[in-house]
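Note sheet for the following structure.
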Amino acid sequence: MKLPTFQFKKSTVAEATNKPEVLLARSSKLWLLTMLVAVCLPQIREIPLWLTIVVGALLAWGFASTLKVRKPLARWVRWSVVPLMSVGVLVSASGLESLAGLATLLIAGAGLKVLELRTRRDGWVLVLVSLFMVAVNFLFDQSIVAALYGFFSLAITFAALISLNEVQAKQVNFGTLKRSATILAQSVPVMVVLFLVFPRIEPLWSVKSERAVAKTGLSNEVDPGSVANLTRNDSVAFRASFTDDAPPERSQRYWRAITYDFYDGRSWLNVGKNVGLEASAIDTDTYYDYEIIMEPTARPWLVALDYPQSVRAARGTLTLKNDFTVTAGKPILDRFSYSGRSVVREATQELSLQDRERFLRLPPYGNPQARALAASWVEQQLSLTEKIDALYRRFNQSFEYTLSPGRLGRNSVDQFLFETQRGFCEHFASSTAYLLRLAGHPTRLVGGYQGGEWNPYEKYMLVRQYEAHAWVEVWDENTGWRRLDPTTAVAPERIQLPFDELFGSSDDFIAESPLSVLRLGKNIEWLNEVRLRYEAVNYSWHRWILGYHNQQVDFLHDLMGSLSTLKLLLVIFVPGSLVTGGLIWWLLRARPRRYHAVDADVQYLSRLVSRADSSLAREQGETVRTYCWRLAKHQPYWEESLMQWLNNLEQLRYSPARGQPEGDASYHASFKNMIKTVKKPTRLLGKPARASA
Amino acid sequence: MWDTVDHKFRNWLVSRYPVQSEVLLTHKRIYIFPTLAGLAFICVALLVLMLAINYQNNLAYAICFTLTSLFITAIMHTYANLSGLRIRIQTPSPVFVGDELRYRFEVLSSRSLKQLQFGFRGQEQVTYDLERDKPLLVYVPASSEVRGWQAPALLRISSVYPLGIFRCWTWLRFEEPALIYPRPVAGGELGQLNRPVGGDGAEGHVGEEDFQELKSYQPGAPLSRVAWKVYAKGYGLHVKSYQGEEAQERWLSWHLWPQLDTEAKLSRLTYWAVTLNERQTPFGLVLPNVTMEPAVGDDHLREVLKHLALYDEGALL
C-alpha cells in the first residue's frame, strides 16, 4: 500500500558491475574473446594442430553466439567437449617439451572457459590466465616484433578488464582500449626503473633441459661433410663488438671454438683432457678486447679470437684451457655474453709441448697412398715448411673447393687426395693433419668460425653458422702451435671474401632458408642496407634488453658509481613518486567548467582566432553576442557567417524547444561554415589582416 | 570477538566524522584496498616473476614489472574515481513500515565518475554513473522496520572502476531522518468509526456514493476527484463530489479496539486513515496525547500519520 503522492520516480540506475556474480555484458564478452585471440595467436606454432582447430572453433562460436548470429552450443556438445579436450591435452602435453606443454594446457583451459563465459568472475579468470600467457609467449619468441605485439596484447587484455567494470555498452567501445593504453603508458616509467634496478636472481630451479635446446654449431666430432652441413644454416652463431670499434682484418678473423686431437680413421674427435692455461704475459700490444654474445648451442664451448689471453663473464666462471679454447663448464642454454682479450697472430709462441704422443696417434692401417706420400717426404728429409709447401702445391693444382663434395668411402683420405679431389674445409684440414701426423709432426684440428660481417651502424660483428670453418695446427719447435689453413691454398678467396659472396649462387648455401634476405639482398644495395640497419637494431635489442642481466651491474655502476641500498631505493622512489605525483595531478586536475555543449565551440573559435592575434581572444565575462560583434567589426567579411552561427547558438542555448546540439544539423552547418570562413587566409581577400586596435 | 571489533570500529568511524549535510570527498575520507581480484592479480605477477627468474627472460621480467607498476597506477585511477565527489542529503519521503525507504542524495562532481556504488550496510547497493558537472539524484534503499524517525545509517560509497583490482570507499554520516509510518493493517469495521470518542450513533452508509455536484477546485483536493473531462472542455478545474461523503465524519480513536496492543492499534488506525482519505471521508484522530479535528486531504493525512508514527516514540527505543 502506497500513497500516490509519496511515490518517487526511479532515476536511471546503472547496471552494477562490481560483484562477481554479475552477468557479463555483450561488449565485455567481445573484448574477452578478442583478448583470447590476441594472446593465443603467437602460440599457434607451439601447440598441437588439433588444439588450434578446436580452440579456434570455440572462439569463432563464441563470437557468433555473442553477436547473435548463431545459437549457443547445445548442452550435450559442451559437456562432451570437456572430457575430449582433457584427454587430448593429456596425450599431447606428455609428448611435448615442458614449455610447449604449458602453452597447450593454458590454451586448452582458456578454450574451455569460453564455453562457460557467463559471469564477471569467469571474465576475471580469463584475464588473469591471459596475462600469464602474454609472459609465456616471450619464452618462445623474444624478438622486437614479439615484444611490441606482447605489449599490444597487454593493452587488449586490460581493455577487456576495464570493460568488465565499465558501463554496459552494447557495442565494443574503443574508448576502453584508449583508457587501457593510457593506464599502461602511465605505468611505463615505474616499470622501466624496476627493470633497471631489480636484481636478477639465478634460476630457483633448473627448468631448461639440454634436450630442450637444439644443439647447433660445431660438434665434438668432425667428419667429412659435417662443417659443410652447417653452411645450410644462416642462423646467428654469435655477435662480437670490439673496444675502439676496430675489428681485425678479415683474413685474421679466426674464431676458435674447439680442438680435435684424436683421429679414428674417419672422424676427428675431441677426447683428450685439456687443462687450464697458465696465464702468460702478453709480450705484444696488438691485442683486441672484445665482447661476445653467443646464441645458445647446448654445448659448453665458447668462441674466442685466435689466440685468447684471458676471458671473463659477468655470470659464471669461464676456463681458458691450454689448447686455447674456452669452456663455460656447462652447456649454453641461454644467450650468453662474455668478454675476452686476444692477440692476433699465427702461432701460440709456446715453448714446450706436453703429451706429444697424443698429437701423433693414428690408426695403424688404411689410406696406403697417403702413407706412401708421407713416407716419401720423410725419405726426402723435407723440413716442415717444405712438406706444407708440397702439400699446398698439390692442393693448388687440381683440387676444387666446393660445398657439395660428394660422399667418401672407407679410405677417405686416399679417396679425397687421389680420386675425388673435391672438398670443403674439413676435407682439406683433415687430410693435412693426417699427412703431417704420418710425417711425424704433432698436429690437431681446430673447429671454429672464419669471417663475420661488420655492421657499420651499430659497430659489431655478426657471425653466422655458415661461416663455420676447420683448420689445422701443427707443432713447430720454434713457434709453438702454428695455424695452417689449407683451404687458403685451394681457395684463398674463402678467407678474403665474405662467405655468402663466395657461395651465394650455390644451391647448398643456406639451403634451409631458401627465401632468406641474405640470398636476395646481397646484390641489391638498398636492400642490403636495410638488412644491416635491421640487424643493428636487433643487436642493440639483444644486448641491452634481452641481455640486460649481463650488463646490469656495469650499467648501474656507470650510472651511479658504487652501488648501495640507499642509492637503489632512491632510484626507485624518486622517479616513482614523481610519476605518481604527476599522475595524481593529471587525474584530479580541474577541467574547465562547461555549462552547455556549445560552449566548447565558442572556446574553439576563441582559440582559433587568437592564434593570429591574441587580442581577439574572448575576454572574461564577454557574452558570446558581444564577442561575435567584436570579431565582425575586426573582420567584416566574417560577419554574415558569424551572425548565422550566433543565432543558431542562442536558440540552442536559450530556447528549450530546440533541444540538444547533437544531431542538430542546421547548427552544425552554420558552425562549420563559420569556422571555414574564419580560417580562410584574409590576405587573399585583399583586406587588412589586422584592424587597427 | 569479530563483532565487538567491528562494533568498536564502527563507533570510531561514527565519532570520526562530524554530521554534515554536505560532504566533499577527499583523501581524508577515502579508503582503498585491493579486491580479491586484485590479490589474484598480484599472484599472477609473482608467477610471472618466477617464470622470468627461472628462464632468465628479461621480457617476462618486463611483464612482471608492468603488472606491478600498473597495480600502483590502478590505486590512483580508482582513487580519482571517487575523490572530488560532492554529496548532499535531501529530505527523504516518508514511507510505511515494511515499504522500501529510499534516502535521497544529490551528488555532483567536476569530473565524470563511473560505477559509483551507494548503499547502507547490509542493504541493497545501487550503482550510478555520474557525468561531470551534472547533478544527479541518488536514491539509496534502506529498510524501514520501526515506525518513527529513522536517521540514515553510515552510508558507504564505493567504486572499483576502472580496473577492478582496487576498491575505494568512504563512510558518510548524515543527519536527515526519514519518517516511517506504522504499517497499515486492515481490520475492524467501518461502523465502529462512526461515533465520536466513546459516543454512540447509527451506522453510516459510506460507499453508497452518488455523484452529487461539481465544486471548483481547491488546492489539496485529490487528483483522482478532478473532473478532467470538464477541464478538457475548457471550463476550468473542478472536483467531483459525491452524496453522503460529507454527511458523516469519522473518528479514528485510540479506544476503538481495546483488545489490541499499541502497535496493532496504530497499524489499524493507519489503515483506516489511508482508506478514509482515499474515500474523501473527513476523519478525526483521537490519541491519548492528541486530538485532531475531522478534515480531509493529503496534508491532513500526513499530519495524522505523523502523529501515529511518533506516538509514544520513547517506548520504541
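Going down the list, the sequences are from chains A and B. Residue 3 is where the first sequence starts when you use the working numbering, and the numbers rise one by one after that. Residue 223 is where the second sequence starts when you use the working numbering, and the numbers rise one by one after that. No residue lacks a Cβ here, since even glycine has one placed at the ideal position from N, Cα and C. Model, not experiment: these values are computed from the prediction.
- For S331/B, there are no neighbours in chain A by C-beta distance under 9 Å, as the nearest C-beta there is about 11 Å away.
- Within chain A, the residues placing a beta-carbon under 7 Å from that of H299/B are I185 and L589, ordered along the chain.
- The DSSP-derived three-state label of K332/A is coil.
- By the 16-neighbour rule on beta-carbons within 10 angstroms, R314/A is exposed.
- Measuring C-alpha to C-alpha distances from T484/B to each of D520/B, A531/B and Y383/B identifies A531/B as the nearest.
- Counting along the chain, M514/B sits inside no alpha helix (DSSP H); it lies in the beta strand (DSSP E) bounded by residues V512 to A517.
- Rounded to the nearest angstrom, the gap between the Cα atoms of L25/A and L335/A is 47 Å.
- At a cut-off of 8 Å between beta-carbon atoms, N167/A makes contact with chain B.
- Under the three-state reduction of DSSP, K674/A is assigned to helix.
- Rounded to the nearest whole angstrom, the C-alpha separation of T625/A and L651/A is 12 Å.
- The stretch 239-254 of chain B makes no contact with the stretch 113-126 of chain A, as fewer than three CB pairs between them are under 8 Å.
- The C-alpha of V83/A is placed about 57 Å away from the C-alpha of P406/B.
- With the rule of 3 Cβ pairs closer than 8 Å, the stretch 94-104 of chain A does not count as touching the stretch 65-84 of chain A.
- For A302/B, at least one C-beta of chain A is nearer than 8 Å to its own C-beta.
- None of the residues of the stretch 100-124 of chain A has a beta carbon lying less than 8 Å from any beta carbon of chain B.
- For F340/B, no alpha helix (DSSP H) segment is defined; the enclosing uninterrupted segment is the beta strand (DSSP E) at L335 to F342.
- When DSSP reads this structure, W483/A sits in a beta bridge with W477/A.
- At least one CB atom of chain A sits nearer than 8 Å to the CB of Q337/B.
- Taking 8 Å as the cut-off, the beta carbon of V576/A is found no closer than this to the beta carbon of V680/A.
- In this structure, the straight-line span from the alpha carbon of S579/A to that of F287/B is close to 16 Å.
- When Cβ-Cβ separations below 8 Å define contact, G152/A makes contact with chain B.
- Bridge partners of Q312/B according to DSSP: R326/B.
- Around the beta carbon of R409/A, a 10 Å sphere encloses fewer than 16 other beta carbons of the protein chains shown; the residue is thus reported as exposed.
- Sorting G425/A, F501/A, A137/A and S189/A by C-alpha distance to the C-alpha of I297/B places S189/A at the top.
- Judged by pairs of C-beta atoms under 8 Å, the stretch 272-287 of chain B does not touch the stretch 230-239 of chain B, as fewer than three such pairs exist.
- Nearest CB-CB separation between L273/B and chain A: below the 8 Å threshold.
- The beta carbon of Q351/A sits closer than 7 Å to the beta carbons of T481 and G482 from its chain, once the five residues preceding and following it are set aside; these are given in chain order.
- Under the 8 Å criterion on CB atoms, G260/B is classed as non-interfacial with respect to chain A.
- H460/B sits in a strand when the DSSP states are folded into three classes.
- Counting only Cβ-Cβ distances below 7 Å, G306/B has contacts in chain A at L590, in chain order.
- Note on R412/A: under 16 other CB atoms within 10 angstroms of its CB, so exposed under the neighbour-count rule.
- Taking the Cβ atoms as the reference, G442/A lies roughly 53 Å from V539/A, outside the contact range of under 8 Å.
- Between the C-alpha atoms of F142/A and L279/A there is a straight-line separation of about 38 Å.
- Considering only L648/A, E475/A and T404/A, the residue with the shortest C-alpha distance to A493/A is T404/A.
- Between the stretch 233-248 of chain A and the stretch 454-473 of chain A there are three or more C-beta pairs closer than 8 Å, enough to call the two in contact.
- Around F318/B, the same chain offers S366, I402, Y403, P404, R405, P406 and T492 as residues with beta carbons nearer than 8 Å, after the five sequence neighbours per side are excluded.
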